[in-house]
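Numbering (our numbering), first residue to last: 334 to 416.
This is the structure:
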């Protein structure tokens, strides 16, 4: 049975199809700046990816990681890999 997790009031994600999650500044290809805009990106086994959440300002990356951990602890009982 697929494990769907609710991201917001319109978006659900099937955890069984996610390969890994990434938190990064969308303007760079390598590192993020913790005081800039950060995206939480889900990468799927199919090779596709999707932006799930966006945070702005100081501590954006830490807030995204915290939101992700809280969401999946409550829904799946474990924390997924985050790069």
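All C-beta atoms in this analysis are idealised placements derived from N, C-alpha and C, irrespective of residue type, glycine included.
Quantities reported herein were computed from a predicted structural model and do not represent experimental measurements.
Helix, strand or coil at residue i [DSSP, three-state]
{"i": "residue 375", "result": "strand"}
{"i": "residue 343", "result": "coil"}
{"i": "residue 391", "result": "coil"}
{"i": "residue 336", "result": "coil"}
{"i": "residue 357", "result": "strand"}
Exposure label - residue i; buried when at least 16 CB within 10 Å
{"i": "residue 335", "result": "exposed"}
{"i": "residue 384", "result": "exposed"}
{"i": "residue 388", "result": "buried"}
{"i": "residue 337", "result": "exposed"}
{"i": "residue 394", "result": "buried"}
Which residues DSSP lists as bridging residue i, in chain order
{"i": "residue 382", "result": "376"}
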